[in-house]
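See structure below.
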Amino acid sequence: MRRHYWMYVRPDAVEALNNEVFRKALRWYYAVLLDNIPAKFVIAKAVECPEKPDKLELEGLWSLHRELSKQFDSLWREVKSENITYDDFIKRYKVAEPSFLDLKIFMARNMLRQCRFCEWRCGIDRLSGKRGVCRLNTRAYVHSWFLHLGEEAPLVPSGTIFYGSCNFRCVYCQNWDISQVHPYNGAVVDARSLALIQRELREEGARNINHVGGDPTPNTHLILESMKYLDINIAQLWNSNFYMSEECIELLIHVIDIWLPDFKYGNNQCAKRLSGI
Numbered sequence: 025m026r027r028h029y030w031m032y033v034r035p036d037a038v039e040a041l042n043n044e045v046f047r048k049a050l051r052w053y054y055a056v057l058l059d060n061i062p063a064k065f066v067i068a069k070a071v072e073c074p075e076k077p078d079k080l081e082l083e084g085l086w087s088l089h090r091e092l093s094k095q096f097d098s099l100w101r102e103v104k105s106e107n108i109t110y111d112d113f114i115k116r117y118k119v120a121e122p123s124f125l126d127l128k129i130f131m132a133r134n135m136l137r138q139c140r141f142c143e144w145r146c147g148i149d150r151l152s153g154k155r156g157v158c159r160l161n162t163r164a165y166v167h168s169w170f171l172h173l174g175e176e177a178p179l180v181p182s183g184t185i186f187y188g189s190c191n192f193r194c195v196y197c198q199n200w201d202i203s204q205v206h207p208y209n210g211a212v213v214d215a216r217s218l219a220l221i222q223r224e225l226r227e228e229g230a231r232n233i234n235h236v237g238g239d240p241t242p243n244t245h246l247i248l249e250s251m252k253y254l255d256i257n258i259a260q261l262w263n264s265n266f267y268m269s270e271e272c273i274e275l276l277i278h279v280i281d282i283w284l285p286d287f288k289y290g291n292n293q294c295a296k297r298l299s300g301i
């Protein structure tokens, strides 16, 4: 096997690939990593949406989402129980038009009209160009993307995408420059560009796509849409302060394969003093 530079820097990451404890605890993630099964977003694209989302009101959208969630869960269980590989899955199941993923994309976009991606629930119409508490409208600013070697061993090398801005104001933020000081200095990307970034990271050897920042939550709409154009199999990792709203989690839970939450506080006083929340 050809040895890459990260193997010398993080030999524990090499060993993690065959570590039985890790493989058991992160069974789904490892299966996607090895292409033994399709990533969740691939499954979501195969679940057909029987109605055009733009014809439904908000209540109807959530009702349809709940129904398709059941179909997704059924197909997901089938994939796991039958050990359907990624290659076999894309041969057996075609991309639906529209799909469960398309519904999620539409709902996320619609949610921007009175933004409630996170628990600030600021209600700002970000579609109109106004900026929410996160200081973003609909634009996503990507400051860098590369193979990150500083994550936990099973995740390395992690295809990390750093998004500008954040809905917290942490005084100790290690990425203060992109989250607070210069959030708009990154490259403005659309969904197709973001999909190409993910493909590039995979081709470079990334074990996963690590959405981080700043914080990825304000960019939920674009991240979901990027998966529509992503034609490879790779685990999606959500690396966040986890201040997402329940509605946002509902949109993400069927497309994210592994979660990396930052549990910061045990009381509201510290949260207010150190992060402004």
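Take the sequence shown: its letter number 59 is residue 83 in this note's numbering, and every next letter is one higher. Ideal placement from N, C-alpha and C gives every residue a C-beta, glycine not left out. Quick caveat, the model's predicted, so the values are computed rather than measured.
With a threshold of 16 other CB atoms inside 10 Å of the CB of residue i, please say whether the residue is buried or exposed.
i, result
"N291", "exposed"
"Y32", "exposed"
"V45", "exposed"
"F124", "buried"
"E81", "exposed"
"D126", "buried"
"M25", "Confidence in M25 is poor, its pLDDT being 47 and thus under 50, which makes the residue's placement unreliable; the coordinate value appears in the next sentence. Classification for M25: exposed."
"F113", "buried"
"R27", "exposed"
"E255", "The question names Glu, but residue 255 is Asp in the sequence shown. Exposed, since its Cβ has fewer than 16 Cβ neighbours within 10 Å."
"G156", "buried"
Would you check if the distance between the CB atom of residue i and the CB atom of residue j is smaller than 7 Å?
i, j, result
"A37", "V166", "no"
"H311", "F96", "Outside the shown range of the chain (25 to 301) lies residue 311, about which nothing can therefore be said."
"R47", "Y54", "yes"
"E158", "P242", "The sequence as given places Cys at residue 158; Glu does not occur at that position. Their beta carbons are under 7 Å apart, which means C158 touches P242 by this criterion."
"A120", "E72", "yes"
"R145", "N161", "no"
"D239", "N209", "no"
"I67", "L92", "no"
"M23", "L85", "For residue 23 there is no data in the structure shown, the boundaries of the chain being 25 and 301."
"G248", "I129", "Correcting the residue identity first, residue 248 is Leu in this sequence and not Gly. Taking 7 Å as the Cβ cut-off, L248 and I129 qualify as a contacting pair."
"L218", "S269", "no"
"S299", "R193", "yes"
"N257", "Y110", "yes"
"F65", "C272", "no"
"Y253", "R216", "yes"
"G229", "C190", "no"
"R163", "V205", "no"
"I108", "W169", "no"
"A177", "A49", "no"
"D201", "V56", "no"
Which partner residues of residue i appear in the DSSP bridge assignment?
i, result
"E72", "S123"
"M268", "C142"
"I233", "G183 and Q260"
"A211", "V166"
Cβ of residue i within 6 Å of any heavy atom in the ligand MG?
i, result
"K76", "This structure does not include the ligand MG; it has no bound ligands of any sort."
Contact between the stretch 179-195 and the stretch 261-272: three or more CB pairs below 8 Å?
-> Yes, they touch.
Are the stretch 51-63 and the stretch 103-115 touching by the rule of at least three beta carbon pairs closer than 8 Å?
-> The stretch 51-63 is in contact with the stretch 103-115.
Unbroken alpha helix (DSSP H) runs of length 4 or more, entirely within the stretch 45-70: which are they?
-> Listed in chain order, they are 51-57 and 64-70.
Can you give, in chain order, each stretch of the alpha helix (DSSP H) that sits fully within the stretch 235-291 and has at least 4 residues?
-> Whole alpha helix (DSSP H) segments, 4+ residues: 244-252 and 270-276.
Which whole runs of the alpha helix (DSSP H) in the stretch 72-98 are 4 residues long or more, in chain order?
-> Within the stretch 72-98, no run of alpha helix (DSSP H) at least 4 residues long lies entirely inside it.
What are the start and end residues of each continuous beta strand (DSSP E) run of 3 or more residues lying completely inside the stretch 133-178, in chain order?
-> Here the runs fully enclosed are 164-172.
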